[in-house]
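The sequence shown runs 1 to 179 under full-length UniProt numbering.
Heads up: the structure comes next, in structure tokens.
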Amino acid sequence: MESYELTIAGVKRELPIIAIDDHLKIASFVILGDTELIAAAAPVLAKKLPEVDILFTAEAKGIPLVYELSKQLHMKQYIVARKSVKPYMDHPLIHKVVSITTQKEQVLCLDANDAAMLKGKKVALIDDVISTGESMKGLEELAAAAGAKVVAKAALLAEGDAEKRSDIIYLEKLPVFKE
């Protein structure tokens with residue numbers, strides 16, 4: 001199997017290259033369960049962030065990163081947009097997105113209680129990878145609907161053309177492979 005070697009904050013990983021469709025392959029980056037990489041990268045990313053009141057991510061791959069970032073920034077909590085409406089949610093805010101890795105429509109849901117915690121706050125949107133920007137756009141629209149001010153959009157990796165964006169913070173570039 002083809003692979004791509006990636007180094008983030010001194011930690012090396014061999015990423016398998018997988019086909020997304022007949023013309024596009026990506027290096028599959030999964031941080032779930034990778035304590036070493038998250039522990040090394042979070043302090044580096046934390047130093048790049050402006051002053052924020054709260055961190056906001058989408059379920060699921062952003063959760064371990066936002067957890068470690070919140071520890072680095074001495075925050076008591078962070079907010080997670082869920083990928084489905086849960087029974088406990090009271091009047092959730094909902095936004096639909098299609099990301100490069102899922103290639104199907106997903107929903108991002110924010111409970112009214114979480115939305116209230118975002119209201120009036122300076123927020124950093126956090127993800128593992130920013131590629132097409134659809135997931136980040138969904139988070140940004142939920143944050144705006146909750147009355148938050150987004151002051152940073154950050155990820156460990158900028159994939160493909162995302163590296164050209166001036167509105168994101170990231171640690172490393174991740175290429176896409178077009179045929």
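Note that the Cβ used here is the ideal one computed from N, Cα and C, for glycine as well.
For secondary structure counted as the alpha helix (DSSP H) over 4 or more consecutive residues, the UniProt domain "Phosphoribosyltransferase" (52 to 168) holds these complete runs in sequence order: 62 to 72, 112 to 118, 134 to 145.
A buried status is given to Glu159, since no fewer than 16 other beta-carbon atoms sit within 10 Å of its beta-carbon.
For Lys83, the closest C-alpha among the options Lys76, Lys48, Leu139, Glu36 is that of Leu139.
Measuring C-alpha to C-alpha distances from Ala9 to each of Phe177, Leu171, Glu179 identifies Leu171 as the nearest. Lys178 has its alpha-carbon roughly 32 Å from the corresponding atom of Leu49.
Looking at the backbone, the Cα of Val66 and that of Asp34 are separated by about 13 Å. Assignment of beta-bridge partners to Ala27 by DSSP yields Ile17. As the crow flies, the alpha-carbon of Cys109 is around 12 Å from that of Tyr88.
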